[in-house]
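2 protein chains.
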Amino acid sequence: MAEFNHDNFSCPLPILEHDTIQLAHGSGGRLSAELIERMFLPRFANEILNRLEDQAVFEPGPGRLALTTDSFVVDPLFFPGGDIGELAVNGTVNDLCMSGADPLYLSVAFIIEEGLPMATLHRVLLSMEKAACAAGVRVVTGDTKVVHRGSCDKLFITTSGVGLLPAQANISAANLRPGDRIIVSGTIADHGMAILTSREGLSFHSRVFSDTAALNGLVAAMLAAGGQDLHALRDPTRGGLATTLNEFAASSRVGIRLEEAAIPVRPEVRSACEILGIDPLCVANEGKLVAVVAEKSAEAVLAAMRSHPRGREAALIGEVLAEPRGLVALRTGLGAQRIVDMPLGEQLPRIC
Amino acid sequence: MAEFNHDNFSCPLPILEHDTIQLAHGSGGRLSAELIERMFLPRFANEILNRLEDQAVFEPGPGRLALTTDSFVVDPLFFPGGDIGELAVNGTVNDLCMSGADPLYLSVAFIIEEGLPMATLHRVLLSMEKAACAAGVRVVTGDTKVVHRGSCDKLFITTSGVGLLPAQANISAANLRPGDRIIVSGTIADHGMAILTSREGLSFHSRVFSDTAALNGLVAAMLAAGGQDLHALRDPTRGGLATTLNEFAASSRVGIRLEEAAIPVRPEVRSACEILGIDPLCVANEGKLVAVVAEKSAEAVLAAMRSHPRGREAALIGEVLAEPRGLVALRTGLGAQRIVDMPLGEQLPRIC
C-alpha cells in the first residue's frame with residue numbers, strides 16, 4: 089500500500105512502553121493513561137478534551153442540536169483514497185450536516201484487538217486529526233477498549249457527533265414535494281468499489297479510489313443558495329443511492345423518477361461494476377450527498393454546488409412525482425423504465 | 089443462567105425473516121430496515137427516534153452540555169446482576185451525571201457478529217429499554233454494523249450521551265481541596281468480581297452480583313444537599329477506586345488518605361478477592377460513585393445519599409490532604425499506611 093498518499097507521515101510514532109496494543113491499554117490503569125497522553129492527546133488536544141474528565145462539557149449556544157453515531161468496521165483499515173480514521177470522522181460529520189447542522193464536537197470510541205501495531209493506530213490517529221481539522225470539528229471525549237486477539241478484527245471505531253442547527257433549517261426525508269428536483273453532488277459508487285477492488289483477489293488496471301470527504305462546507309454553500317427550498321439531504325452510504333431515494337419516497341409518500349444518463353459514474357467504476365455484476369446505484373458513497381430541492385431553486389443550488397470543490401461534478405438526476413407513491417423509477421438511455429428497488433442487503437459487508 | 093431475574097421476558101421476540109443476525113442486517117438495505125422497525129423501534133420509540141433520519145434533532149434548552157461515549161465489550165454478555173445492554177445504558181448515564189449533568193439523550197451503536205441469535209439481541213434490547221426507562225433517558229439515534237463470524241465476539245455496544253448541566257454545577261477532578269471528605273456510595277468491587285466469578289472455570293458458593301445501576305437520581309439528591317460543596321464526582325469503573333482517586337490526586341495536586349476499615353466491601357466479594365489475590369480497590373464498579381465534598385457539607389451529603397436507594401450503604405472513607413501531592417495512602421486496620429498505586433492494568437479484560 090506504499091503508493092497511497094499519506095502526506096502526514098512526517099509525525100513520528102511517540103515513544104511508548106510497548107510497540108503493540110496490550111490488553112492493559114484498555115484497562116483504565118497506567119497503560120491506558122500512557123496511551124491517552126502520548127497517542128491521543130497530541131492528535132486531538134483542545135481545552136475541552138484536555139480536562140480529561142469522563143465527559144466533555146461545552147456550551148454550543150441556544151437552538152436545536154443534532155446528535156448522530158456510527159460504528160466503523162471497514163476492512164481493510166487502509167484502502168485506496170482513505171482509511172478507517174478518515175472515514176469515521178467524515179461519516180459522522182456528514183450525518184450531522186445532512187440535517188443542515190454545523191458539526192461542532194465529536195466523541196471517538198476505539199475497540200482494539202490485542203496485538204495491533206502501535207504504528208497502525210498512530211497512522212489512523214494522524215488521519216483522524218487531519219480529517220477533523222479539515223472539517224473544523226473537535227474531538228472532545230473518547231474511550232478505548234482492548235479485546236483479546238481474535239475477539240475483534242484489528243480495529244473498530246465508533247464516532248458520535250453534536251452539531252448546531254441554524255434556526256431556519258427544515259431538512260427532512262419527509263419534505264419531498266412533487267416537482268422537486270433530485271441533485272447528486274458527484275460521481276457515485278466510488279467508495280464501495282474502492283473497498284471491493286482493494287480486497288484480496290481482485291485487481292483492476294485503473295485504480296478506483298474512495299470518495300471519503302466531509303461535506304459540511306458544501307452543505308453550507310447549498311443552504312446559502314437554496315435556504316428553505318432545500319427540502320431533503322442525505323449521504324447515500326450503505327445501500328447507495330437506491331436505498332436513500334427509496335427512503336425518501338417512502339417517508340414523503342411520493343414517486344421519484346431518475347434519468348440514468350444523468351447520473352455521474354466514473355468510467356473505471358462503471359467498468360468494475362459491469363465486470364462484477366453490481367448496480368452502482370446500490371453501492372456505498374462516503375463523500376457524496378443527494379439533495380431534493382424545490383424546482384425554482386434547483387439551478388441556483390446546482391450552481392452553488394459546482395462552485396464548491398466537493399460538488400464540481402454535481403448533476404441534476406431526476407425529479408419528484410406525485411405518483412406512484414413510494415416508488416423510485418429509472419428511465420434508461422433507451423427510454424425504457426425500470427423500478428429501482430431497495431437492495432436486500434449490501435453486496436459487500438464491512439464497507440464502512 | 090436460568091436463575092437470573094429477567095422480569096421483562098414477557099415481551100415475545102418479534103416475527104422476523106431470520107432467527108439469527110445476517111450480514112445483510114448491517115447493510116443499510118431491506119433487512120436493516122426490518123431490524124430497525126421490528127426490533128429497535130418497539131423498544132425505544134419516541135418522537136425524535138421515530139423520524140428515522142440519520143441524526144436526532146432536539147432542543148435541550150440553554151446552557152452547558154455534557155457529551156460522553158463508551159464502548160462495551162463485556163464478556164459474558166449476560167452475567168449475574170446484569171447484561172451488556174443494561175451496562176451500556178447505565179455506564180453512559182453515569183458518565184454524564186458525574187459532571188452534575190441531567191442525562192437526556194443516548195445514541196446506541198451495535199457491532200454484531202454474524203449468526204448472533206435474534207433472541208439474544210432481543211433480550212439485550214429489552215434490558216436496554218428497561219434501563220433507559222429507569223434512568224429517564226431516551227435513545228434518539230443509532231447504528232448497526234454486522235461483521236463476519238469470527239470478526240467480533242458476539243456483540244459490542246457503544247453508547248454516547250448528551251446531558252444538560254445545571255448553571256451552578258462545578259464538579260471536576262481538579263477541584264479537590266485539603267480538608268475535603270471522600271465518600272463512596274456503597275460497596276466496592278461487586279461488578280468486577282461478578283464478571284470474574286461468572287467466567288468459565290470459577291465458581292463460588294456465594295453468588296456475587298454486578299452493581300450496575302444508573303446514578304443520576306442519587307447525584308441529583310447529592311447536588312440538592314451539597315450544592316457547590318460537591319467538588320468532584322466519578323464512577324470508579326475500570327481500574328476501580330484506586331484509579332479514580334489517583335486521578336483525583338494528580339489532577340488537583342493533593343494527597344488523599346483512606347481508612348481501610350471504612351471502605352464497604354461485601355463479605356462474599358472480599359472472600360473472592362482474597363482467594364484470587366485481587367485488591368478490591370482496583371476492581372471495577374458499575375453502580376457506585378466516589379464523591380469529594382467540602383468538610384462542612386460532608387454529613388449533609390452523606391445523609392442525603394443514605395436516604396436514596398442507590399446510596400444506602402454510602403460511607404465516609406477518607407480525606408484530602410495538602411501533602412504528599414499526587415499520592416493516595418491507605419491506613420490499614422492495624423494502623424500501618426500503604427501507598428495505593430494506580431494499577432498497571434485491570435486484572436481482567438472485557439470487564440465492561
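For the protein sequence lines, the chains are E and H, in the order given.
Take 89 as the starting number for the first sequence in the working numbering and just add one per residue.
Take 89 as the starting number for the second sequence in the working numbering and just add one per residue.
Backbone N, C-alpha and C fix where the C-beta goes; we use that ideal spot for every residue, glycine too.
Quick caveat, the model's predicted, so the values are computed rather than measured.
_First through last residue of the beta strand (DSSP E) which encompasses E:Leu311_ = It is not in any beta strand (DSSP E) - E:Leu311 instead sits in the alpha helix (DSSP H) that spans Asn304 to Gly314.
*asked:* Whole angstroms are fine: how far does the CA of E:Ile344 sit from the CA of E:Gly328?
replied: 15 Å
_Taking the straight line between their C-alpha atoms, what separation do you get for H:Ala410 and H:Ala261?_
15 Å
*Would you say E:Lys233 reaches chain H, if we count a Cβ-Cβ gap shorter than 8 Å as a contact?*
yes
*Could you have a look at H:Cys440 and say whether DSSP puts it in helix, strand or coil?*
coil
*Examine chain E for any beta-carbon lying closer than 8 Å to the beta-carbon of H:Arg326, and answer yes or no.*
yes
_Using the three-state DSSP reduction, which class does H:Ser239 fall into: helix, strand or coil?_
coil
_Interface partners of E:Phe244 on chain H, CB under 9 Å_ = Ser159, Ile199, Lys233, Val235, Cys240, Phe244 and Thr246
_Cβ shell of E:Pro191 (< 7 Å), same chain only, five flanking positions each side left out_ = Val181, Leu184, Cys185, Ala223, Val225, Gly249, Gly251 and Asn304
*Backbone secondary structure at H:Lys218 - three-state DSSP*: helix
*Who are the neighbours of H:Phe146 on chain E, taking C-beta pairs under 8 Å?*
Arg152, Leu153 and Leu155
_Just list the residues that DSSP pairs H:Val250 with in beta bridges._
H:Leu155 and H:Tyr193
_Of the residues H:Pro437, H:Leu204, H:Asp323 and H:Pro412, the one placed nearest H:Val378, counting alpha carbons only_ = H:Asp323
*Using a C-beta to C-beta distance shorter than 9 Å, which residues of chain H count as neighbours of E:Ala67?*
Coverage of chain E is limited to positions 89 through 440, which leaves residue 67 of chain E absent and any answer about it impossible.
*Below 9 Å between beta carbons is the criterion; list the residues of the region 210 to 228 of chain E that meet it against any residue of chain H, in chain order.*
Val228
*asked:* Going by DSSP in three states, E:Leu165 sits in which element: helix, strand or coil?
replied: coil
*asked:* Under 8 Å: do the region 262 to 270 of chain H and the region 361 to 376 of chain H share three or more Cβ pairs, one atom per stretch?
replied: no
_Nearest-angstrom Cα separation, counted from H:Ala424 out to H:Ala330_ = 18 Å
*So what does DSSP say about E:Ile363, is it helix, strand or coil?*
helix
*Three-state secondary structure (DSSP) at E:Thr232?*
strand
_Quick check: is the beta carbon of E:Leu119 nearer than 8 Å to any beta carbon in chain H?_
yes
*Taking E:Ala261 as the query, report the chain H residues whose CB atoms sit under 7 Å from its CB, ordered along the chain.*
Glu141
*By a C-beta neighbour count over all protein chains shown, 10 Å radius and 16 as the cutoff for buried, is H:Lys376 buried or exposed?*
buried
*DSSP-derived helix/strand/coil call for E:Asp278*: helix
_Spatial neighbours of E:Gln143 in its chain, beta-carbon cut-off 7 Å, leaving aside the 5 residues before and after_ = Thr229
*Alpha carbon to alpha carbon, how far is H:Glu201 from H:Leu404?*
44 Å
_8 Å is my cut-off, CB to CB: does H:Val416 come that close to chain E?_
no
*For H:Arg126, decide whether its Cβ has a neighbour in chain E, counting only Cβ atoms nearer than 8 Å.*
no
*Listed by chain order, chain E residues near H:Asp183 by CB distance under 8 Å*: Asp142 and Gln143
*asked:* Taking the straight line between their C-alpha atoms, what separation do you get for H:Asn134 and E:Leu194?
replied: 24 Å
*At least one CB of chain H closer than 8 Å to the CB of E:Glu428: is that the case?*
Before going on, a small fix: residue 428 of chain E reads as Val here, not Glu. Not an interface residue.
_Can you tell me which residues form a DSSP beta bridge with E:Arg322?_
E:Val378
*On a CA-only basis, which of H:Leu204, H:Pro130, H:Glu147 and H:Ser187 is nearest H:Leu165? Give me that one, please.*
H:Leu204
*Report the option in E:Val307, E:Arg152 and E:Arg326 whose CA atom is closest to the CA atom of E:His319.*
E:Val307
*Near-chain E residues of the region 359 to 372 of chain H - C-beta to any C-beta below 9 Å*: Cys370 and Ala372
_Short CB-CB distance (under 8 Å) between E:Asn93 and chain H_ = Low per-residue confidence applies at E:Asn93: pLDDT is 43, beneath 50, and the placement is therefore not dependable, though the value from the model is reported in the following sentence. No, E:Asn93 lies away from the interface with chain H (no Cβ there is under 8 Å from its Cβ).
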